[in-house]
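K.L.:
Handing you a structure now.
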Amino acid sequence: MRANRILDTLAGQGITRRAFLKYCATLASLMALPPSAGKAFADALAKAPRPSVIWLPFQECTGCTEAITRSHSPSIEGMLFDMISLDYQETLMAAAGHQAEAALHEAIQRNMGKYLLIVDGSVPLGLDGAYSCIAGRSNLETLKEVAAGAAAIVAMGSCAAYGGLPKANPNPTGAVAVSDVIKDKPIINIPGCPPIPVVMTGVLAHFLTFGGLPELDRLGRPKAFYGETIHDRCYRRPFYDQGKFAKTFDDEGARKGWCLFELGCKGPVTYNACASVKWNDGTSWPVESGHGCLGCSEPDFWDAGGFYKALSMPARPLKLEPAAIAAGVVAGAAIAASSRSRKSAAKAAHETTTLADLEK
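So for the sequence shown, full-length UniProt numbering puts the first residue at 1; every next one is plus one.
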């Protein structure tokens, strides 16, 4: 029904079409999409109904839920009240116990084949799944039942995407990723410990707009956010190219903001958007705060060696990857470029969508 469409819901709250278009432009820019994609977002979202979303928590620390509540574009309240119907999420929902389980089963039956399933946490297979149970049922049993009626699945966080910390050696619970259990549904991985809030909500907005998943890389991650390494976009990249490295966290190099490669930064082998999107409404991110990247959006990062041990060799030859150039667009991006053609291609790939583009 038209009353359930997102634009009508926003209009009822006094949000103008111009403000709506501005939001869509911002969202397209965050996802490094061209101006035409911003208009596509606006047109599709204006007509889209609020889809049902079911969020299942398994072996997790609630960090992913904590993170998504701090999203700013869109905000969590905007997402919940205006864009989706979050029918089951144990941490955020008011219902508990039998009422919560009843809400879950009602959402499944009412939206069979159409709801989006978000899974937060790994799935333990040890002891027939007895290591983690909800309402007297193992995570494994619940996942299979709820996934059967889902249109698509989002594996939220490194635990759901790869097994994460519960899978770390010696993996006592037999933890596995969602994709190790479910083989017949489209799955998108949004790794990170936790993922960046804007990445989480941005992927949900893409699903709302286009009714499907964005383009994915070989690990099932959205290329818009995981297409480049932390190293490629890092504002400390010029110091790396000059061979200027901090040796300790309190030496002169550290105080001057030199590269943290020799202090164990995993940025050269980690694909994520931390350097451009940042955290807390674009305030900062770990490397800007003075600590090296832990590589938390890569598989098995916990068992990949010491966090403060330098990588054995550069991810790419230095002569092929010169300095990064700081550039602030909507996402505050900093992108690496070596030659004139590479620089032009990078700028084109991160072209900003403006409100004027959408009103043409």
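Glycine is no exception: its CB is placed at the ideal position from the N, C-alpha and C atoms.
Over the uninterrupted alpha helix (DSSP H) stretch that includes I230, give me the two end residues.
P.N.:
To locate residue 230, count along the sequence shown from 1; it is residue 230. Segment I230 to R233, the alpha helix (DSSP H) holding I230.
K.L.:
Specify whether the stretch 140–158 and the stretch 101–119 touch according to this definition: at least 3 beta carbon pairs, one from each stretch, less than 8 Å apart.
P.N.:
yes
K.L.:
State the beta-bridge partners of N189 as determined by DSSP.
P.N.:
Counting from 1 along the sequence shown, the entry for residue 189 is found at position 189. Its beta-bridge partners are A155.
K.L.:
Using only alpha-carbon positions, find the residue among G267, R237, I182 and A275 that is nearest to G257.
P.N.:
Here the question's residue 257 lines up with position 257 in the sequence shown. In terms of CA proximity to G257, R237 leads the group G267, R237, I182 and A275.
K.L.:
How many angstroms separate the CA atom of A100 from the CA atom of G149?
P.N.:
For the purposes of this step, residue 100 is taken as residue 100 along the sequence shown, with counting starting at 1. For the purposes of this step, residue 149 is taken as residue 149 along the sequence shown, with counting starting at 1. Going from the Cα of A100 to the Cα of G149 covers about 18 Å.
K.L.:
The alpha helix (DSSP H) with V198 in it runs from where to where?
P.N.:
Within the sequence shown, numbered from 1, the residue matching residue 198 stands at position 198. Residue range P197 to F210 is occupied by the alpha helix (DSSP H) that includes V198.
K.L.:
Do you know offhand how far A248's Cα is from S297's?
P.N.:
If you number the sequence shown from 1, residue 248 lands on position 248. If you number the sequence shown from 1, residue 297 lands on position 297. The displayed chain sequence assigns Thr, not Ala, to residue 248. Answer to the nearest angstrom: the Cα atoms are 25 Å apart.
K.L.:
Report the rounded CA-to-CA distance for P197 versus R70, giving the unit in angstroms.
P.N.:
Numbered from 1 along the sequence shown, position 197 holds the residue referred to as residue 197. Numbered from 1 along the sequence shown, position 70 holds the residue referred to as residue 70. The alpha-carbon separation between P197 and R70 amounts to approximately 6 Å.
K.L.:
Report yes or no: do three or more beta-carbon pairs, one from the stretch 224–238 and one from the stretch 164–179, lie closer than 8 Å?
P.N.:
no
K.L.:
Looking only at its chain, what residues have a beta carbon closer than 8 Å to the beta carbon of I182, apart from the 5 residues adjacent to it on each side?
P.N.:
Here the question's residue 182 lines up with position 182 in the sequence shown. Cβ within range, chain order: L143, K144, A147 and I153.
K.L.:
Sorted by chain position, which residues of the same chain lie with C-beta nearer than 6 Å to G164's C-beta, five sequence neighbours on each side aside?
P.N.:
For this step, residue 164 is matched to residue 164 along the sequence shown. Cβ within range, chain order: S122 and S158.
K.L.:
Can you name the residues that DSSP bridges to P124?
P.N.:
As a working note, residue 124 is residue 124 in the sequence shown. P124 is bridged to A175.
K.L.:
Rounded to the nearest angstrom, what separates R110 and S52 at their Cα positions?
P.N.:
For this step, residue 110 is matched to residue 110 along the sequence shown. For this step, residue 52 is matched to residue 52 along the sequence shown. For R110 and S52, the distance between alpha carbons rounds to 9 Å.
K.L.:
So, does the stretch 60–70 touch the stretch 86–94, judging by three or more C-beta pairs under 8 Å?
P.N.:
yes
K.L.:
What residue range does the beta strand (DSSP E) around I108 cover?
P.N.:
Sequence index remark: in the sequence shown, residue 108 carries index 108 (1-based). From DSSP, I108 is part of no beta strand (DSSP E) but of the alpha helix (DSSP H) over G97 to R110.
K.L.:
Where does the unbroken alpha helix (DSSP H) through S289 begin, and where does it stop?
P.N.:
Indexing the sequence shown from 1 puts residue 289 at position 289. Where S289 is concerned, there is no enclosing alpha helix (DSSP H), given that its DSSP letter is neither H nor E.
K.L.:
Out of Y131, A107, W285 and P299, which has the shortest C-alpha to C-alpha gap to T270?
P.N.:
On the sequence shown, position 270 is the one that residue 270 refers to. The shortest Cα separation from T270 among Y131, A107, W285 and P299 belongs to P299.
K.L.:
Could you check where the beta strand (DSSP E) with S85 kicks off and where it finishes?
P.N.:
Within the sequence shown, residue 85 is the residue found at index 85, counting from 1. That run of the beta strand (DSSP E) goes S85 to Y88.
K.L.:
Closer than 7 Å by C-beta to S284: which residues in its own chain qualify, once you throw out the five before and the five after it? Chain order, please.
P.N.:
On the sequence shown, position 284 is the one that residue 284 refers to. Cβ within range, chain order: K278.
K.L.:
Under the three-state reduction of DSSP, which class applies to P238: helix, strand or coil?
P.N.:
For the purposes of this step, residue 238 is identified with residue 238 of the sequence shown, where counting begins at 1. Correct three-state label for P238: helix.
K.L.:
Starting from residue 363, trace the beta strand (DSSP E) both ways and give me its first and last residue.
P.N.:
With the chain represented from 1 up to 360, any question about residue 363 goes unanswered, as that position is not in the structure.
K.L.:
So, at 7 Å on beta carbons, what are the nonlocal neighbours of H231 in its own chain, with the 5 sequence-adjacent residues on each side left out?
P.N.:
On the sequence shown, position 231 is the one that residue 231 refers to. R237, G267, P268 and A315.
K.L.:
Would Y226 pass as a contact of N272 if the rule is Cβ separation under 9 Å?
P.N.:
Your numbering for residue 226 matches position 226 in the sequence shown. Your numbering for residue 272 matches position 272 in the sequence shown. Cβ atoms of Y226 and N272: closer than 9 Å.
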